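What follows is a short report on a single structure.
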Amino acid sequence: MASFRTDDPPRSSTPDRVAATSRRTRPGTRPFDPRRLPFYYGWVVLVAGTIGAIASVPGQTAGVSVFTDDLISTTGLTRLQIAISYLIGTGTSGLLLGAGGRAIDRYGSRVVALAATFGLAATLLGLSVIGEMSTPVGIVVMSVGFGCLRFSGQGLLTLASRTMIAQWFDRRRGFVTALSSAFVSFSFAASPALFLALIDIDGFRTAWRIMAVVLVVVIGSIVVALYRVSPEAAGIEIDGRGRTAIPTPSDDAHEHDEHRSVPIVGTDQDATRADALRDVRFWALTIPVAALASTGTAITFHIVDLGSELGLTDDEIVRIFVPIAFVSVPVTLVTGWLIDRVTPLAIAAAMAIAQLVMYPMVGLLDTWWGAVAAVLTWGMAQGCFSALTSAAIPKIFGRRHLGALSGAQMSAMVIGSAIGPALFALVQSISGGYRAALWLSAAVPAVGLVLAIEGLRRHRTTSAS
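Structural data, given as structure tokens:
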């Protein structure tokens, strides 16, 4: 295992490191200087980044699904053909997210989030003018459309916003990111009803155009005015310890690092993307969240058909999501608090164990005890999601290459979410039911659990030495 850093205690930048950045950090003080505020600017970043993540909902599954029937009737494609287009678009988006993460490290969260906001708005406007198409043309057009939606919304805008929040906190990172995720989760849950209300105004085309205008005018303004790359970019010490402003770098510092467009953050011991991909701990953190993204999306996608297989009505089967939310939100806050105090590998192991129980229990939702177990374990697994995707990576691997590392993790999640529904459909067509797919899917978190246990063993060995 690489020895570039340990996960306890978390590291932070020092004023000496900040003093080695270039004059190009000054954009971190525009359009206003955060150092002039009487409180730590990270709290503004938390609010702005949360709003940015919420604004990605038109590119999320919850936002796209509301428009599926309109797309089917407008384009002339079948539901299966729309699903294939969605698979192609989502998978392609996942493959590109690694480059998006590296762009965040190179250009900063503000630049990337602004580009993603405009890209998402442009995609919505483009989709709002589609009409009936032949099957080959329709699949190509919708694959490109879904790819742009997923890449700009679910991918870049979410990734840039989460990365920015994680850059601004060290000691409270877990709790802060959990708090943000709780608000995002509630907003995503409420978004289908809001989007349906927009559709009722004058159809799906007008709904998408309204969203595009809001993205450009409102979200674009928030990104430009409030987003900041990092505390270093604004000349502030991370966590606002003593609210001490850090002096503007000198000309000598400018000569030292004249080619960088964003300031140096983190430490020289922080892992690169290549370092992390060779480390068992990265995969211990990534495989459980990728597994839930894949299987959770698949179950949601086929939920009505699964309910029919179990003898449940549509209303009965979809009610499962409400109690899951009530379980996952408090667990999210607890794991956010906990990850600031223990190694993230313990939370990764807990998430994997929860999924190993959850998947078989979903196939027993027609029994009261199976439904209770499925709700509790699904909520627990979902509650670990935020801690492992927002706080775990910078705690173990540092902040220097956070965009690239988070991009690699999110790429695995997005590709998993594309594969899951197709895999479930294939297994169902072969076996005649979804239970086999649920048992098959349990192999992935089982691998994650083995890796988490190995990571914990190495962590104890390192700590003891």
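Numbering (this note's numbering), first residue to last: 656 to 1120. For each residue, glycine too, the CB sits at the ideal point set by N, CA and C. Here the structure is a predicted model, which is why all the values come from computation and not from measurement.
Taking C-alpha atoms, which residue in 895, 953, 1079 lies nearest to residue 824? Your numbering for residue 824 matches position 169 in the sequence shown. Of 895, 953, 1079, the residue nearest in Cα terms is 895.
Measure the beta-carbon distance from residue 1081 to residue 1007 and round it to whole angstroms, keeping in mind my assumption that it falls under 8 Å. If you number the sequence shown from 1, residue 1081 lands on position 426. If you number the sequence shown from 1, residue 1007 lands on position 352. Actually they are not in contact, since the Cβ atoms of residue 1081 and residue 1007 sit about 24 Å apart, beyond 8 Å.
Quick one: what does DSSP say residue 994 is sitting in, helix, strand or coil? For the purposes of this step, residue 994 is taken as the residue at position 339 of the sequence shown. Residue state, collapsed to three classes: helix.
In chain order, which beta strand (DSSP E) runs of at least 3 residues are fully inside the segment 739-788? none
Out of 1046, 1014, 837, 854, which one is the CA nearest neighbour of residue 1032? What you label residue 1032 is simply residue 377 of the sequence shown in a count that begins at 1. The candidate whose alpha carbon is nearest that of residue 1032 is 1014.
Output yes or no for whether 9 Å exceeds the beta carbon distance between residue 842 and residue 709. Taking the sequence shown and counting its residues from 1, the one referred to as residue 842 is at position 187. Taking the sequence shown and counting its residues from 1, the one referred to as residue 709 is at position 54. The answer is yes: Cβ separation under 9 Å.
When the Cα atoms are used, what is the spatial distance from residue 774 to residue 1024? Taking the sequence shown and counting its residues from 1, the one referred to as residue 774 is at position 119. Taking the sequence shown and counting its residues from 1, the one referred to as residue 1024 is at position 369. When rounded, the distance between both Cα atoms is 46 Å.
From the DSSP output, in three-state form, read off residue 975 for me. Taking the first residue of the sequence shown as position 1, residue 975 is located at position 320. DSSP places residue 975 in coil when its eight states are reduced to three.
Can you round the beta-carbon distance between residue 1066 and residue 752 to whole angstroms, since I take them to be within the 8 Å contact cut? The sequence position of residue 1066 within the sequence shown is 411, counting from 1. The sequence position of residue 752 within the sequence shown is 97, counting from 1. That pair is a contact at about 4 Å.
Of the listed residues 1038, 1089, 1054, 1078, nearest to residue 834 (C-alpha basis): On the sequence shown, residue 834 is found 179 positions in, with the first residue counted as 1. Checking every option, the nearest Cα to that of residue 834 belongs to 1038.
First and last residue of the uninterrupted alpha helix (DSSP H) at residue 841: What you label residue 841 is simply residue 186 of the sequence shown in a count that begins at 1. Unbroken alpha helix (DSSP H) run through residue 841: 828-869.
Under 9 Å between C-beta atoms of residue 732 and residue 788: For the purposes of this step, residue 732 is taken as the residue at position 77 of the sequence shown. For the purposes of this step, residue 788 is taken as the residue at position 133 of the sequence shown. In contact: residue 732 and residue 788 (Cβ atoms closer than 9 Å).
Whole angstroms is fine: what's the gap from residue 997's alpha carbon to residue 728's? Taking the sequence shown and counting its residues from 1, the one referred to as residue 997 is at position 342. Taking the sequence shown and counting its residues from 1, the one referred to as residue 728 is at position 73. For residue 997 and residue 728, the distance between alpha carbons rounds to 51 Å.
Given this structure, state the Cα-to-Cα distance separating residue 862 from residue 1058, to the nearest angstrom. Stepping through the sequence shown from its first residue, residue 862 is reached at position 207. Stepping through the sequence shown from its first residue, residue 1058 is reached at position 403. If you take the alpha carbons of residue 862 and residue 1058, they lie about 32 Å apart.
Just to confirm, are residue 717 and residue 846 a CB contact at a threshold of 9 Å? Position 62 of the sequence shown holds residue 717. Position 191 of the sequence shown holds residue 846. Against a cut-off of 9 Å, the Cβ pair of residue 846 and residue 717 comes out as a contact.
Determine, using beta carbons only, whether residue 1072 and residue 949 come nearer to each other than 9 Å. Here residue 1072 refers to the residue found at position 417 of the sequence shown. Here residue 949 refers to the residue found at position 294 of the sequence shown. Yes, they are a contact pair.
Could you work out which residue in 700, 838, 713 is closest to residue 780 when comparing CA atoms only? The residue labelled residue 780 in the question sits at position 125 within the sequence shown. When each option's Cα is compared against that of residue 780, the closest is 713.
What residue from 818, 689, 1075, 1092 has the CA that sits closest to residue 945's CA? Here the question's residue 945 lines up with position 290 in the sequence shown. Among 818, 689, 1075, 1092, the Cα nearest to that of residue 945 is on 1075.
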